[in-house]
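To keep things clear, I will list the structure first and then write my remarks on it.
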Amino acid sequence: MASLVSSVLVLIVQLHLLLFIAAPLFQQFSLATARPLMASSDGEKFSSMKYHKGHLLTGNITVNLIWYGKFKPTQRAIISDFFISLSSSVHNHPSVSTWWKATQKYYYQPINNSPHSALTLTLGNQFLDETYSLSKSLSNSQIVQLASKGGHRNAINVVLTAPDVTVDGFCSSRCGTHGSAAAAPVAKSKGSKIYKYAYIWVGNSETQCPGQCAWPFHQPMYGPQSAPLVAPNGNVGMDGMVINLASLLAGTATNPFGNGYYQGPAEAPLEAASACAGIYGRGAYPGYAGELLKDESSGGSFNAYGINGRKYLLPALFNPKTSSCEALV
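All residue numbers for the sequence shown refer to the numbering used here, where the first residue is 2 and numbers rise by one.
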């Protein structure tokens, strides 16, 4: 077991070294990896999550979705229902909104003697680009170009790429990323002001690298081999996207501009969810997602209830108060 954990930790280091250089007008801070990377036992302590004196996302924020490539309406509904579930109450527990509320622990840390104001997310506009306007092979700068289609004030613009779209670094070093970009200057009485907006990109790995970016719903490419779990919404690619979106969303809220909460170097930060990669339930360890709930009719594994009868698998979040990873179940 010691050698296994050692090899996994080496893999983590290798993954975070595979970073890319951002263009001057935008910054990218975090990679999403949905692999069984981190070992954990209940209550295990990790390094503290350091605050770097920057802004967190606060107030009312609109989430705009940019769909690049062909997605079925049923696939888009899996994602849109997830975002609506973040702020919706459901009868069953644990819920998606309960998971999201755990990020509030970062907002009430004793920073500068006053807490950050709370963050409220609302699903905004959805843009469809089914004609692959920028081709089926995208660079980092083109991801930002697509993200710019959404609103720039008080917004998170989420780019979702279809299974037949390749993106620089996709599968080889990342499943998605988040960062910030400069919006168009806004005229003021004393000149102009440039605002930044946050963005997220996640790719559908179903045909390219499901073992890399949709674990535990597909056999892993590396490490311990175990039978894959059944995707709760019946779609390996989309359910994998939800995991990565959730991880990056937590990182976007708590480290939107690269100077919020994270562990380790700024070039390869471990954030609220990525610090707990591979942990979804109690007793998780490399190759095992942990003890999860199971849908009796579909056999799908999950740990959070959403709206419209949805069930999702969401990553554990790092608790800055206890310095430990906490899953919903």
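Glycine residues also receive a C-beta, built at the ideal position from the N, C-alpha and C atoms.
Going by C-alpha positions, Leu139 is about 14 angstroms away from Asn205.
Here Ser248 is buried. Its C-beta has 16 or more other C-beta atoms within 10 Å. Residue burial annotation: Leu329 is buried, with at least 16 other C-beta atoms found within 10 angstroms of its C-beta. Each residue's CA atom was taken as its position, placing His179 and Val159 some 9 angstroms apart.
Non-local beta-carbon contacts of Pro229 in its own chain, meaning distances under 7 angstroms to residues more than five positions away in sequence, involve Pro217, Phe218, His219, Gln220 in chain order. From the listed residues Leu246, Asn126, Ala78, the smallest Cα separation to Ser275 is found for Leu246.
DSSP lists Val231 as the bridge partner or partners of Gly301. If you look at Ser248, you'll find it in the alpha helix (DSSP H) that goes 237-255. For the set Thr167, Ser181, Ala182, the Cα lying nearest the Cα of Arg175 is the one of Thr167. Cβ neighbours of Asn309 within its own chain (closer than 7 angstroms, five residues either side excluded): Asp82.
Beta-bridge annotation (DSSP): Ser138 is paired with Thr167. In the DSSP assignment, Thr63 falls within the unbroken beta strand (DSSP E) covering 60-69. Nearest Cα to Pro321 within the set Gly301, Glu292, Ala273, Ala163: Ala273.
Annotated three-state conformation of Asp82 is helix, per DSSP. When Pro164, Asn141, Pro95, Ile85 are compared, the shortest CA-CA separation from Gly125 is found for Ile85. Proximity to Asn65 across Lys102, Lys73, Val91, Leu147 peaks at Leu147, based on C-alpha coordinates.
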